[in-house]
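Taking our numbering as reference, the numbering of the sequence shown is continuous, increasing by one, and the terminal residue is 379.
Backbone N, C-alpha and C define an ideal beta-carbon position, used for all residues, glycine too.
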Amino acid sequence: MKKKLASLLVATMSVGLLAGCGGSSDTAATQAPAAASTEAPAAESAEAATEALTEAAEEAAASGDVITVGFAQVGHESDWRTASTNSVQAALSAENGIDLQFVDCDNDSAAQLDAVRNFIQQGVDYIVIDPIVSTGWDTVLTEADDAGIPVIVIDRTIDDSDKYVSWVGSEFTNEGLAAGEWLKEYAADKGISEINVLVISGTTGSSAQLGRTKGFDQYVESEGWNKLDEQTGDFTQDGGQQVMESYLKSYAGQFNVVVCQNDNEAFGAIDAMDAAGVSYGVGGDVILISFDACKAGLQDVLDGKINADFQCNPLQGPDCLNIIQKLQAGEDVPKQTFMAEPWYVSEDNLTSITYTNNAGEEVTEDLVHVDQSVVDAAY
């Protein structure tokens, strides 16, 4: 650890740095840290904190006291992934006193494990991982732990090891539950009595795919919906288009709902339905549901192509910087930080949904009716 930079970070870094970046609020350290949640502090304090931190980091960099971080990213398969990468690279930057070693693993799990092992051999100070799949991690995380290198996990989860210091991301099951509850209430409002669903799922075995499927399937079972098929589009536009083209041949005229587990898959499904002359979205024959809520996805919500889009917040970079700052100072960090995420809809017939979330709590959450200002503010 680079102690000189640590003292500079402690002296100058504040939670205000996280304003407007989707970062979580600072929480008091405890012996058993609880899950944190996202808030946005005042922009003025954020600007001052950022300026102070940058000055301190520049001094540290000039003296050679730089924190090295290895970042093993899933790949570049979607707009969401690009936003996530940009967020981490912007926060863990040379200007902030960090030497970031970035590897795009191109959706190759073996390559990702190799990248992490290379970081360990290099002796980096920290490792950030967005895991392609949720299992197969225990051995390499044990190696990192033995080397004394703290690991921060973002976005997707690791299920077969707890040898990481903190995770920052989304409650994917809640996203699936919210989508199911919205569809239930939307269908009731529109007088739709029969639901026949086709699902284009994400990368098989990823925590995003597992969680969204688990949550939505609870409604498939409880409401007696007919899920005709589920195939993976690997979170890509090409994958979404190919699966939808196959569905259009196999299930022509049999479905009235398509669920895509990210926006890029939805873009591909839209291309396929356009080519086949199938109407969808507001006023169409097919209800289209998506996840991620990137700028292009929300533009399609505004245009009435996507009926509902459930956000997965990709801006975890400031949280990573905050966690590193705390660890440098010898403080405890929360084991989990959940990003704040709204649900977006094309029509204003429903203003909120009430459902039981994955923690067993009944929650009522607002639905955001998309207008141009919402699109303009999106990532």
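- Item | Identified DSSP bridge partners for CYS260 | One-based indexing of the sequence shown puts residue 260 at position 260. For CYS260, which the question treats as bridged, DSSP gives the partners ILE200.
- Message: Quick check: the region 304-312 against the region 177-186, are at least 3 beta-carbon pairs closer than 8 Å?
- Response: yes
- Message: Quick check: what's the CA-CA separation for THR142 versus ALA83?
- Response: For this step, residue 142 is matched to residue 142 along the sequence shown. For this step, residue 83 is matched to residue 83 along the sequence shown. The straight-line gap from Cα to Cα measures roughly 30 Å.
- Task: Could you name the residues of the same chain whose beta carbon sits closer than 8 Å to that of LEU210, not counting the 5 residues immediately before and after it, in chain order?
- Result: Taking the sequence shown and counting its residues from 1, the one referred to as residue 210 is at position 210. Closer than 8 Å at the Cβ level, and outside the excluded window around LEU210, lie SER134 and PHE172.
- Message: With distance defined between alpha-carbon atoms, name the residue in ALA179, ASP159 and GLY240 nearest to GLN218.
- Response: Within the sequence shown, numbered from 1, the residue matching residue 218 stands at position 218. Per the Cα distances, ALA179.
- Query: In terms of residues, what are the limits of the alpha helix (DSSP H) holding THR351?
  - Reply: On the sequence shown, position 351 is the one that residue 351 refers to. First-last for THR351: undefined, no H or E at that position.
- Simplified DSSP assignment, three categories, for GLY169: For the purposes of this step, residue 169 is identified with residue 169 of the sequence shown, where counting begins at 1. Note: GLY169 maps to strand in three-state DSSP.
- Query: Going by alpha carbons, who is nearest to ILE132 out of LEU100, THR203 and LEU198?
  - Reply: For this step, residue 132 is matched to residue 132 along the sequence shown. When each option's Cα is compared against that of ILE132, the closest is THR203.
- For ASN226, which three-state DSSP category applies? Counting from one through the sequence shown, the residue named residue 226 turns up at place 226. In the structure shown, ASN226 sits in a strand (DSSP, three-state: E or B).
- Is TYR251 buried or exposed, if buried means 16 or more other CB atoms sit within 10 Å of its CB? Translated into the one-based positions of the sequence shown, residue 251 becomes position 251. Looking at its Cβ environment, which holds fewer than 16 other Cβ atoms inside 10 Å, TYR251 is exposed.
- Query: Looking at VAL370 and LEU298, is the spacing between their C-beta atoms short of 8 Å?
  - Reply: Indexing the sequence shown from 1 puts residue 298 at position 298. Indexing the sequence shown from 1 puts residue 370 at position 370. Cβ atoms of LEU298 and VAL370: closer than 8 Å.
- Quick one: Cα of ALA147 to Cα of GLY123, how far? As a working note, residue 147 is residue 147 in the sequence shown. As a working note, residue 123 is residue 123 in the sequence shown. If I take the Cα positions, the gap works out to 8 Å.
- Helix, strand or coil for VAL220, going by three-state DSSP, please let me know. Against the sequence shown, residue 220 aligns to sequence position 220. Three-state result, VAL220: helix.
- Query: Where ASP274 and THR337 are concerned, what is the direct C-alpha to C-alpha distance, given to the nearest angstrom?
  - Reply: In the sequence shown, counting from the first residue as 1, residue 274 sits at position 274. In the sequence shown, counting from the first residue as 1, residue 337 sits at position 337. Rounded to the nearest angstrom, the two C-alpha atoms are 40 Å apart.
- Task: Go through its chain and collect everything with a Cβ distance to SER352's Cβ below 8 Å, but skip five positions before and after it.
- Result: For this step, residue 352 is matched to residue 352 along the sequence shown. Cβ neighbours of SER352 beyond the five flanking positions: THR364, GLU365, ASP366 and LEU367.
- Using three-state DSSP, classify TRP343 as helix, strand or coil. As a first step, residue 343 must be located in the sequence shown, where it is residue number 343. Residue state, collapsed to three classes: strand.
- Query: In three-state DSSP terms, what is THR139?
  - Reply: Stepping through the sequence shown from its first residue, residue 139 is reached at position 139. Correct three-state label for THR139: helix.
- C-beta atoms of ASP125 and THR68 nearer than 8 Å: Taking the first residue of the sequence shown as position 1, residue 125 is located at position 125. Taking the first residue of the sequence shown as position 1, residue 68 is located at position 68. Contact flag set, yes.
- DSSP puts GLY70 in a beta bridge; with which residues? Start at 1 with the first residue of the sequence shown, and residue 70 comes out as number 70. DSSP, once it has assigned bridges, lists GLN101 and ILE127 as partnering GLY70.
- Task: For GLN316, name the three-state secondary structure that DSSP assigns.
- Result: Taking the sequence shown and counting its residues from 1, one reaches residue 316 at position 316. If DSSP states are grouped into helix, strand and coil, GLN316 belongs with coil.
- Any idea which residues DSSP pairs PHE384 with across the strands? The requested residue 384 does not occur in the structure, where the chain is confined to residues 1 to 379.
- Assigned secondary structure, ASP162 (DSSP; H/G/I helix, E/B strand, else coil): Working through the sequence shown from its first residue, we reach residue 162 at position 162. Correct three-state label for ASP162: coil.
- Query: Whole-angstrom Cβ separation of GLY317 and LEU92, contact assumed at under 8 Å?
  - Reply: Sequence index remark: in the sequence shown, residue 317 carries index 317 (1-based). Sequence index remark: in the sequence shown, residue 92 carries index 92 (1-based). Right, the Cβ-Cβ distance comes to about 7 Å (below 8 Å), so this counts as a contact.
- Query: Based on the DSSP output, what are the partners of GLN237 in its beta bridges?
  - Reply: Numbered from 1 along the sequence shown, position 237 holds the residue referred to as residue 237. According to DSSP, GLN237 bridges with nothing at all.
- Run through DSSP, which three-state label would ASP371 get? Position 371 of the sequence shown, counted from the first residue, corresponds to residue 371. In the structure shown, ASP371 sits in coil (DSSP, three-state: anything other than H, G, I, E or B).
- Item | Identity of the residues DSSP links to PHE255 by a beta bridge | Residue mapping note: residue 255 aligns to position 255 of the sequence shown, counting from 1. Beta-bridge pairing links PHE255 to no other residue.
- Query: Which same chain residues, not among the five before or five after ASN349, have their C-beta less than 7 Å away from its C-beta?
  - Reply: The residue given as residue 349 occupies position 349 in the sequence shown. Result list for ASN349: ASP189, in chain order.
- Item | Spatially closest choice to GLY360 from TRP182, ASN174, LYS326 and GLY224, by CA coordinates | Position 360 of the sequence shown, counting from 1, holds the residue named residue 360. It is ASN174 whose Cα lies nearest to the Cα of GLY360.
- Give every residue of the same chain whose Cβ lies closer than 7 Å to the Cβ of GLU341, excluding the five residues on either side of it in the sequence, and list them in chain order. Within the sequence shown, the letter at position 341 stands for residue 341. Here the set comprises SER170, GLN311, CYS312 and ASN313.
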